[in-house]
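Here is the structure we will look at.
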Amino acid sequence: MHNTLHIATFNIHKGVTHFNARFALHHQRELLRKLQADVVFLQEVRDEHAQHSKRFAAWPKFGQAEFLADAVWPDFAYGKNSVYPAGHHGNALLSKFPIIKTTNIDISAHTSEERGMLHSEINIPGWNQPLHAICVHLGLFAHWRRQQLSAVADYIKQHVPADAPLIIAGDFNDWGMRTGRVFAESLHMREVFEHHAGNPARSFPSWLPILRLDRIYVRGFHVKQVEVHSGAHFVKVSDHAILTATLTREL
11 MHNTLHIATF
21 NIHKGVTHFN
31 ARFALHHQRE
41 LLRKLQADVV
51 FLQEVRDEHA
61 QHSKRFAAWP
71 KFGQAEFLAD
81 AVWPDFAYGK
91 NSVYPAGHHG
101 NALLSKFPII
111 KTTNIDISAH
121 TSEERGMLHS
131 EINIPGWNQP
141 LHAICVHLGL
151 FAHWRRQQLS
161 AVADYIKQHV
171 PADAPLIIAG
181 DFNDWGMRTG
191 RVFAESLHMR
201 EVFEHHAGNP
211 ARSFPSWLPI
221 LRLDRIYVRG
231 FHVKQVEVHS
241 GAHFVKVSDH
251 AILTATLTRE
261 L
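Residues 11 to 261, numbered by the numbering used here, are exactly what the sequence shown covers, in order.
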């Protein structure tokens, strides 16, 4: 029975560094593999882009989600959120365990900014219920985020059993933190870094994190360990740090 779960969340900035200067996807995959996470929550995964696939010689043939999952995470899910003439991007989940159901929900609060919520049910050996994993990327404005979190909370109350193990992770863009706390309280969840250190992690910009933008919320777990993966070398990786947590199931 898998009582311990290692998870990570990472905004990959569409596989490129700031201002599209450098193609970073191979470096990102290498870093993620070293973390040995069981489930990975990814934001800004660009699964198709006509110009970039020609500009960068190492652009993956079958999309970024499949490329990142390759050989390590047998199952993955991709949720297309933002669509434009050159391609599309969205959220993705990578899993070492079977994904038995996936739903992608449009939670856009405004036509100028397409956002989504990717919900996968994951079958973990020995568990009496599937894990509900929800990956989100919220809007840049506070009133949009409030609207989006309200939609996510309503969805969870309707579609996720109250006693089921639940993880919500991603880029919340919530530097003020109040909106996230109200959201967590409404669902009886806790943010893993807040639980350990009193505040969510500083995750942006990744080379010298100041803003607390990324979150991991859990329900039905004990939090054993949390870590922020950041530093000067992230200039060549992404503008967001990687957050990881080690969780044990409450039984």
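No residue lacks a Cβ here, since even glycine has one placed at the ideal position from N, Cα and C.
Note that the structure is a prediction, hence the values are computed from the model and not measured.
What are the boundary residues of the beta strand (DSSP E) that includes Ile110? Against the sequence shown, residue 110 aligns to sequence position 100. Here the beta strand (DSSP E) through Ile110 covers Ile109 to Asp116.
Is Thr14 buried or exposed, if buried means 16 or more other CB atoms sit within 10 Å of its CB? For the purposes of this step, residue 14 is identified with residue 4 of the sequence shown, where counting begins at 1. Under this definition Thr14 is an exposed residue.
Those residues which DSSP pairs with Ala18 across a bridge: Stepping through the sequence shown from its first residue, residue 18 is reached at position 8. Ala18 is bridged to Val50 and Thr254.
Pick out whichever of His198, Asn138, Pro135 and Gly89 has its Cα sitting closest to the Cα of Cys145. Counting from one through the sequence shown, the residue named residue 145 turns up at place 135. It is Gly89 whose Cα lies nearest to the Cα of Cys145.
By alpha-carbon positions, which one of Phe33, Ala18 and Ala143 ends up nearest to Lys44? Taking the first residue of the sequence shown as position 1, residue 44 is located at position 34. Ranking Phe33, Ala18 and Ala143 by Cα distance to Lys44 puts Ala18 first.
Would you say the beta carbon of Leu52 comes nearer than 7 Å to a heavy atom of the ligand PLP? Looking at this structure, you won't find the ligand PLP or any other ligand, since it has none at all.
Under 8 Å by Cβ, that's how I've got Ser130 and Ile109 pegged, so tell me the actual separation to the nearest angstrom. The sequence position of residue 130 within the sequence shown is 120, counting from 1. The sequence position of residue 109 within the sequence shown is 99, counting from 1. Between Ile109 and Ser130 the Cβ distance is about 5 Å, and since that is below 8 Å, they are a contact.
Just grab the DSSP bridge partners of Gln235 for me. Reading the sequence shown from its first residue, position 225 is the one you call residue 235. According to DSSP, Gln235 bridges with Thr256.
Whole angstroms are fine: how far does the CA of Asn91 sit from the CA of Ala60? By one-based count along the sequence shown, residue 60 stands at place 50. By one-based count along the sequence shown, residue 91 stands at place 81. Low confidence applies to Ala60: its pLDDT is 48, below 50, so where it sits in the model is not reliable enough to give any reading.
Taking only runs of the beta strand (DSSP E) that begin and end inside the region 136–201, which ones reach a length of at least 3 residues, in chain order? 141–147 and 176–181
With a threshold of 16 other CB atoms inside 10 Å of the CB of Pro140, please say whether the residue is buried or exposed. Numbered from its first residue, the sequence shown carries residue 140 at position 130. Buried: at least 16 other Cβ atoms inside 10 Å.
DSSP-derived helix/strand/coil call for His129: Locating residue 129 in the sequence shown gives position 119, counting from the first residue. If DSSP states are grouped into helix, strand and coil, His129 belongs with the strands.
Measuring only the C-alpha atoms, how far is Ser105 from Leu148? As a working note, residue 105 is residue 95 in the sequence shown. As a working note, residue 148 is residue 138 in the sequence shown. Answer to the nearest angstrom: the Cα atoms are 22 Å apart.
For Leu103, which of Thr121, Leu218, Ala119 and Ala79 has the nearest alpha-carbon? Position 93 of the sequence shown, counted from the first residue, corresponds to residue 103. Residue Ala79 is the option with its Cα nearest to Leu103.
Taking the C-alpha atoms as reference points, what is the distance between Ala163 and Gln38? To locate residue 163, count along the sequence shown from 1; it is residue 153. To locate residue 38, count along the sequence shown from 1; it is residue 28. Roughly 31 Å between the two C-alpha positions.
In this structure, how does DSSP classify Leu104 when only helix, strand and coil are distinguished? Here residue 104 refers to the residue found at position 94 of the sequence shown. Correct three-state label for Leu104: strand.
Sequence-distant residues of its chain with Cβ nearer than 7 Å to Lys24 (five each side left out): Here the question's residue 24 lines up with position 14 in the sequence shown. Excluding residues within five positions, the ones whose Cβ falls inside 7 Å are Glu54, Arg56 and His99.
Out of Trp154, Met199 and Pro219, which one is the CA nearest neighbour of Leu176? Numbered from 1 along the sequence shown, position 166 holds the residue referred to as residue 176. Minimum Cα distance to Leu176 is reached at Met199.
Simplified DSSP state of Val247, which is helix, strand or coil: Here residue 247 refers to the residue found at position 237 when the sequence shown is read from its first residue. Of the three classes helix, strand and coil, the one that applies to Val247 here is coil, per DSSP.
Where does Glu123 fall in DSSP's three states? Here residue 123 corresponds to residue number 113 of the sequence shown, with the count starting at 1. Strand, per DSSP.
Throw me the rounded Cβ distance for the Ala119 and Trp154 pair, which I believe falls under 8 Å. Position 109 of the sequence shown, counting from 1, holds the residue named residue 119. Position 144 of the sequence shown, counting from 1, holds the residue named residue 154. Sure, about 4 Å apart at Cβ, within 8 Å.
Look at Leu42 and Phe20 and say whether their C-beta atoms are less than 8 Å apart. Here residue 42 refers to the residue found at position 32 when the sequence shown is read from its first residue. Here residue 20 refers to the residue found at position 10 when the sequence shown is read from its first residue. Closer than 8 Å, so yes.
Assigned exposure category for Gly241 - 16 Cβ within 10 Å defines buried: For the purposes of this step, residue 241 is identified with residue 231 of the sequence shown, where counting begins at 1. Gly241 is exposed by the Cβ-count criterion.
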